[in-house]
Amino acid sequence: MIAALARTVAIAGKEVLHVRRDPRTLYLALIMPVVLLLLFGYAVSFDLDHAPLRLIDQDGSESSRLLARAFSRSTEFDLFPARDDEGLEREFRRNRTLGALIVPRDYGRDLCRGRRVRVELVLDAADAATANQILAKAEAIALSASPRPEGAITPVEVRVRTRYNPEERSAVFVVPGLAAYLLAISAVLLTALAIAGEWERGSMEQLFASSVGRLEIILGKLLPYLALGMLQLLLVLAVGATVFEVPIRGSLLLIFCAGALFLAGMLGQGLLISVLARNQLVATQAGTLSSMLPSLLLSGMVVPLDNMPRVLQWLSNVVPARYFVHALRAVLLKGAGPSLVWPDLAAMAAFAVVIVTLATLRFRRTVA
Amino acid sequence: MNGFSIEAEELSRSFGEFRAVDRVSFRIARGEIFGFLGANGAGKSTTIRMLTGLLAPTSGTARVAGHDVSRERGTVKTLIGYVSQKFSLYLDLPAWENVLFFGRAYGLTLGEVRKRGEEMFSATGLSGLESSLTAALPGGTRQRLALACALLHHPAVVFLDEPTAGVDPVARRYFWQLIRSLSREGTTVFVTTHYLDEAEDCGRVGLMAEGHLVALDTPAALKKAHVPERVLIARGQLRRSAADELRALPGVVDVQTFGAVLHLRVDRKRWAAPSLQSWLGPGVVVEEGEPSLEDVFLAVAGR
Numbered sequence: 001m002i003a004a005l006a007r008t009v010a011i012a013g014k015e016v017l018h019v020r021r022d023p024r025t026l027y028l029a030l031i032m033p034v035v036l037l038l039l040f041g042y043a044v045s046f047d048l049d050h051a052p053l054r055l056i057d058q059d060g061s062e063s064s065r066l067l068a069r070a071f072s073r074s075t076e077f078d079l080f081p082a083r084d085d086e087g088l089e090r091e092f093r094r095n096r097t098l099g100a101l102i103v104p105r106d107y108g109r110d111l112c113r114g115r116r117v118r119v120e121l122v123l124d125a126a127d128a129a130t131a132n133q134i135l136a137k138a139e140a141i142a143l144s145a146s147p148r149p150e151g152a153i154t155p156v157e158v159r160v161r162t163r164y165n166p167e168e169r170s171a172v173f174v175v176p177g178l179a180a181y182l183l184a185i186s187a188v189l190l191t192a193l194a195i196a197g198e199w200e201r202g203s204m205e206q207l208f209a210s211s212v213g214r215l216e217i218i219l220g221k222l223l224p225y226l227a228l229g230m231l232q233l234l235l236v237l238a239v240g241a242t243v244f245e246v247p248i249r250g251s252l253l254l255i256f257c258a259g260a261l262f263l264a265g266m267l268g269q270g271l272l273i274s275v276l277a278r279n280q281l282v283a284t285q286a287g288t289l290s291s292m293l294p295s296l297l298l299s300g301m302v303v304p305l306d307n308m309p310r311v312l313q314w315l316s317n318v319v320p321a322r323y324f325v326h327a328l329r330a331v332l333l334k335g336a337g338p339s340l341v342w343p344d345l346a347a348m349a350a351f352a353v354v355i356v357t358l359a360t361l362r363f364r365r366t367v368a
Numbered sequence: 001m002n003g004f005s006i007e008a009e010e011l012s013r014s015f016g017e018f019r020a021v022d023r024v025s026f027r028i029a030r031g032e033i034f035g036f037l038g039a040n041g042a043g044k045s046t047t048i049r050m051l052t053g054l055l056a057p058t059s060g061t062a063r064v065a066g067h068d069v070s071r072e073r074g075t076v077k078t079l080i081g082y083v084s085q086k087f088s089l090y091l092d093l094p095a096w097e098n099v100l101f102f103g104r105a106y107g108l109t110l111g112e113v114r115k116r117g118e119e120m121f122s123a124t125g126l127s128g129l130e131s132s133l134t135a136a137l138p139g140g141t142r143q144r145l146a147l148a149c150a151l152l153h154h155p156a157v158v159f160l161d162e163p164t165a166g167v168d169p170v171a172r173r174y175f176w177q178l179i180r181s182l183s184r185e186g187t188t189v190f191v192t193t194h195y196l197d198e199a200e201d202c203g204r205v206g207l208m209a210e211g212h213l214v215a216l217d218t219p220a221a222l223k224k225a226h227v228p229e230r231v232l233i234a235r236g237q238l239r240r241s242a243a244d245e246l247r248a249l250p251g252v253v254d255v256q257t258f259g260a261v262l263h264l265r266v267d268r269k270r271w272a273a274p275s276l277q278s279w280l281g282p283g284v285v286v287e288e289g290e291p292s293l294e295d296v297f298l299a300v301a302g303r
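Quick note, the sequences are listed as chains A and B, same order.
Just so we're aligned, residue 1 is where the first sequence starts under our numbering, counting upward by one.
Just so we're aligned, residue 1 is where the second sequence starts under our numbering, counting upward by one.
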């Protein structure tokens, strides 16, 4: 037992030496995620910010000006007054404007008489997500700007409070997802490369001929990268908290527990790939694909899982990134405790156990 | 233990339909240098991989250092050293780090590894190269490092799979001095090689051909048994067509050209040095030679 531990430590120590010899691994592990996080964090934003909107005021009354002012006061829109919709098509194509707000003639008069009024909104829906957001925001502004007739009682009043991300900033939503994505890629790649390299070099056979056991090789290889992964997580969280002001409401310990379980699964996946591929080129490609696509598309990082076809939803159940993203958001944003995220932890632990077992079994059969 | 360091009995291994090693049996005494010869694909490496526990035999048994390689693989591994065909130390680490790692992989404590590593470094002439990057060492030096790493845990048996392939002659000679001193200290050495001059240094030689062990004995006995013909060496003013003409003569079994020298295997009853000399004419010197293992190899493998 003690001998096995010593051998595992020897392998882990050797791995540290390899990493020290070849700092590219460190760059890949520590600098890339931060760079990507900054890039993605700034680039992936679903926030409406000064969307150009053409204002065609055919009425020109006090009421219509009031409506226009409500729009231009919001930070979401920039209004450009115009006389008609001539050339609108051309501006859409050139991306000069995202829509046109058309206030009809008699808007002010009808409003004063308590009649139903219509305001027209023409949108460029080539980007459906943005169009949807403009629509929702425009509707809200228009509603709040229209004066209620004197003495009228609105039967139901909806007051919306968005909890956990009151300013609805995308970064708060994206950073936890990105953390999972970046950890997945580098963990899978690093182990896949480390072990495939051992095959390519021929030193794996040398290890097998020594008294080192298979499990000792696996653990010795995984542990240093687990530590590196935890360092990555810390770095990503620190950048998220300082640059993007992502709150950390829950316990850090819980986050790192979730991180360790997630990483164990990802490292196991890299291990399995390298045992099957046995060369670094194939391992790199298989590792990138198998970690990037599921954790990008099936984790709920960008695309909400609830909106997906049933097959994909079902498939996402075996993607550990899904549970990690969920747990991260719950703990970071909502301050959730272990009693709430344990199903996520359990799912990630199960994945890790299954995949490391598979890899070990497959590994065992390779030589003997 | 019954005095034998390696015992193989009816050892076989198939890969699908292909029978790489077919019912091979031999016994190797403690401290013996056993040379394992054969063409590429004759089953040498497969046999070594079975004896070192890297590959399970399809049938048959093998005992190494007194333990069954199939049933007591873990124990066997602690008693053997292995230098594989492919150089498989870590090139990106300094020489000494390789020693530290393999020593601990074999279960030695750090203190033991340091002490033993220093001994092995001075025994294999590596002292002073501790901090050299392994990748920067010349081939022969690397192989000595691989040997040093394989000897750290005092193995009773070492398996060397073509340890001198691609190593220059001086380095090869040095490497074989190490092998002989190991044997003197009682370590059994099981070595495969393509260099037949190296095989002359072995206590006994086994010859593999197409998965079968076709010959096994001391080099001298092998020569006697497999090369019953007289070996004649002719040098001097030889006609260009001499080799072809000689091959056509009755009683000439084989003619090999080595530069300007001819090696002949001839029927003892029909030919001797003087008769060949007179046939070749003046200006040619013919003398009787010792058959080499090369002759044995050709006689056995060419059958």
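Glycine included, each C-beta is placed from N, C-alpha and C at the ideal position.
Computed from a predicted model, the values in this text were never measured in an experiment.
Excluding sequence positions up to five away, which residues of its chain have a Cβ less than 6 Å from the Cβ of A/F244? Counted from its first residue, the first sequence places residue 244 of chain A at position 244. So the list reads G41, A171, V175, once near-sequence residues are dropped.
Note down, one range per segment and in chain order, each alpha helix (DSSP H) of at least 4 residues found wholly within the stretch 177-227 of chain B. 196-199, 219-226
Pair within 8 Å by beta-carbon distance, B/T188 and B/I48: Position 188 of the second sequence, counted from the start, is the residue given in the question as residue 188 of chain B. Position 48 of the second sequence, counted from the start, is the residue given in the question as residue 48 of chain B. Against a cut-off of 8 Å, the Cβ pair of B/I48 and B/T188 comes out as no contact.
Among all the DSSP beta bridges, which residues are the ones paired with A/D110? Within the first sequence, numbered from 1, the residue matching residue 110 of chain A stands at position 110. Partner(s): none; A/D110 has no beta bridge.
Using a 10 Å radius around the Cβ and a threshold of 16 neighbouring Cβ atoms, would you call A/T357 buried or exposed? Position 357 of the first sequence, counting from 1, holds the residue named residue 357 of chain A. Flag for A/T357 reads exposed.
From the beta carbon of B/A299, is the nearest beta carbon of chain A less than 8 Å away? In the second sequence, the residue the question calls residue 299 of chain B occupies position 299. Not closer than 8 Å to any Cβ of chain A, the Cβ of B/A299 fails to qualify, so no.
Which same chain residues end up closer than 6 Å to B/D22 when comparing Cβ atoms and leaving out the 5 residues on each side of it in sequence? The residue labelled residue 22 of chain B in the question sits at position 22 within the second sequence. A distance below 6 Å between beta-carbons, with the five flanking residues on each side excluded, links B/D22 to the following residues of its chain, in chain order: S12, G211, H212.
Can you name the residues of chain A whose CB is closer than 7 Å to the CB of B/R362? In the structure displayed, chain B extends from 1 to 303; residue 362 of chain B sits before or after that span and is not available.
Please report the residue range of the alpha helix (DSSP H) in which A/A262 lies. Mapped onto the first sequence, residue 262 of chain A falls at position 262. For the sequence presented, residue 262 of chain A should be read as Phe rather than Ala. Looking at the DSSP string, the run of the alpha helix (DSSP H) that includes A/F262 is 252-277.
Assess, as a yes-or-no matter, whether the stretch 220-238 of chain B is touched by the stretch 247-264 of chain B under the definition of 3 or more beta carbon pairs within less than 8 Å. Touching, per the Cβ criterion.
Looking at chain B, is there any beta carbon in it that lies within less than 8 Å of the beta carbon of A/V16? Along the first sequence, read from residue 1 onward, the residue named residue 16 of chain A stands at position 16. Closer than 8 Å: no.
Could you tell me the distance, in whole angstroms, from the CA atom of B/L100 to the CA atom of A/R7? On the second sequence, position 100 is the one that residue 100 of chain B refers to. On the first sequence, position 7 is the one that residue 7 of chain A refers to. About 11 Å.
According to the neighbour-count rule (16 or more other Cβ atoms, all chains shown, within 10 Å of its Cβ), is A/S144 buried or exposed? In the first sequence, residue 144 of chain A corresponds to position 144, counting from 1. Its Cβ having fewer than 16 others within 10 Å, A/S144 is exposed.
Shorter than 8 Å from the beta carbon of B/Y195 to some beta carbon of chain A? In the second sequence, the residue the question calls residue 195 of chain B occupies position 195. Not closer than 8 Å to any Cβ of chain A, the Cβ of B/Y195 fails to qualify, so no.
Should B/A234 be listed as close to the ligand FMN, given that the test is whether its C-beta is under 7 Å from any heavy atom? Summarising the ligand content, the structure contains no ligands, and the ligand FMN is consequently not present.
At which residues does the alpha helix (DSSP H) containing A/P224 begin and terminate? Translated into positions along the first sequence, residue 224 of chain A becomes position 224. Per DSSP, A/P224 belongs to the alpha helix (DSSP H) from 214-243.
Should A/D124 and A/L101 be called a contact, given that it needs their Cβ atoms to be closer than 8 Å? Residue 124 of chain A sits at position 124 when you count from the first residue of the first sequence. Residue 101 of chain A sits at position 101 when you count from the first residue of the first sequence. Cβ atoms of A/D124 and A/L101: not closer than 8 Å.
With distances taken Cα to Cα, identify the nearest neighbour of B/K269 among B/G281, B/G251, B/I28. Numbered from its first residue, the second sequence carries residue 269 of chain B at position 269. Of B/G281, B/G251, B/I28, the residue nearest in Cα terms is B/G251.
Distance between beta carbons of A/G240 and A/I355, contact taken as under 8 Å: Indexing the first sequence from 1 puts residue 355 of chain A at position 355. Indexing the first sequence from 1 puts residue 240 of chain A at position 240. In fact, because the Cβ distance is near 27 Å, the residues do not count as touching under 8 Å.
Contacts of A/V212 in chain B (Cβ-Cβ under 7 Å): As a position in the first sequence, residue 212 of chain A is number 212, starting the count at 1. Those within 7 Å of A/V212 in chain B are A105.
Outcome for B/M1 when other beta-carbon atoms lying within 10 angstroms are tallied against a minimum of 16: Walking along the second sequence from the start, residue 1 of chain B turns up at place 1. Because the pLDDT at B/M1 is just 47, under 50, the model does not fix this residue reliably, and the point stays unresolved.
Taking buried to mean at least 16 other C-beta atoms within 10 Å of its own C-beta, is B/F15 buried or exposed? What you label residue 15 of chain B is simply residue 15 of the second sequence in a count that begins at 1. With fewer than 16 Cβ atoms within 10 Å of its Cβ, B/F15 is classed as exposed.
Taking a cut of 8 Å between CB atoms, which residues from the stretch 199-229 of chain B lie near chain A? none
Report the rounded CA-to-CA distance for A/F80 versus A/E91, giving the unit in angstroms. The residue you call residue 80 of chain A lines up with position 80 of the first sequence. The residue you call residue 91 of chain A lines up with position 91 of the first sequence. Their backbone Cα atoms lie some 12 Å apart in a straight line.
Top-ranked residue by Cα proximity to A/L276, from A/E216, A/W199, A/V16: Working through the first sequence from its first residue, we reach residue 276 of chain A at position 276. Of A/E216, A/W199, A/V16, the residue nearest in Cα terms is A/W199.
Compute the beta-carbon to beta-carbon distance between A/V369 and A/G270, rounded to the nearest angstrom, for a pair I have assumed lies under 8 Å. Given that chain A is displayed from residue 1 to residue 368, the structure contains no residue 369 of chain A and the question cannot be resolved.
Assuming B/P138 and B/I80 are in contact, meaning their beta carbons sit under 8 Å apart, how far apart are those beta carbons, in whole angstroms? Reading the second sequence from its first residue, position 138 is the one you call residue 138 of chain B. Reading the second sequence from its first residue, position 80 is the one you call residue 80 of chain B. The C-beta distance from B/P138 to B/I80 rounds to 27 Å, too long to meet the 8 Å contact threshold.
I want to verify the contact list: residues of chain B whose CB lies under 8 Å from the CB of A/S203, in sequence order. To locate residue 203 of chain A, count along the first sequence from 1; it is residue 203. Neighbours of A/S203 on chain B, chain order: S88, L89, Y90.
Determine, using beta carbons only, whether B/K44 comes closer than 8 Å to chain A. Taking the second sequence and counting its residues from 1, one reaches residue 44 of chain B at position 44. By this cut-off, B/K44 is not an interface position.
Alpha carbon to alpha carbon, how far is B/E72 from B/R116? Walking along the second sequence from the start, residue 72 of chain B turns up at place 72. Walking along the second sequence from the start, residue 116 of chain B turns up at place 116. One C-alpha to the other measures close to 26 Å.
Can you give me the Cβ contacts of A/S274 inside the same chain, cut-off strictly under 7 Å, excluding the 5 residues immediately before and after it? Reading the first sequence from its first residue, position 274 is the one you call residue 274 of chain A. Once the five neighbours on either side are set aside, the close Cβ partners of A/S274 are T191, A192, I195, A196, A283.
According to DSSP, A/H18 sits in a beta bridge with which residue or residues? Taking the first sequence and counting its residues from 1, one reaches residue 18 of chain A at position 18. For A/H18, which the question treats as bridged, DSSP gives no partner whatsoever.
Are there 16 or more other CB atoms within 10 angstroms of the CB of B/V69, so buried, or fewer, so exposed? On the second sequence, residue 69 of chain B is found 69 positions in, with the first residue counted as 1. Flag for B/V69 reads buried.
Is there a Cβ from chain B that is less than 8 Å from the Cβ of A/R21? Taking the first residue of the first sequence as 1, we reach residue 21 of chain A at position 21. A/R21 counts as touching chain B.
Could you check whether the stretch 270-288 of chain B touches the stretch 219-228 of chain B, counting it as contact only if at least three pairs of C-beta atoms, one from each stretch, sit closer than 8 Å? Contact between the stretch 270-288 of chain B and the stretch 219-228 of chain B is absent, because fewer than three Cβ pairs lie under 8 Å.
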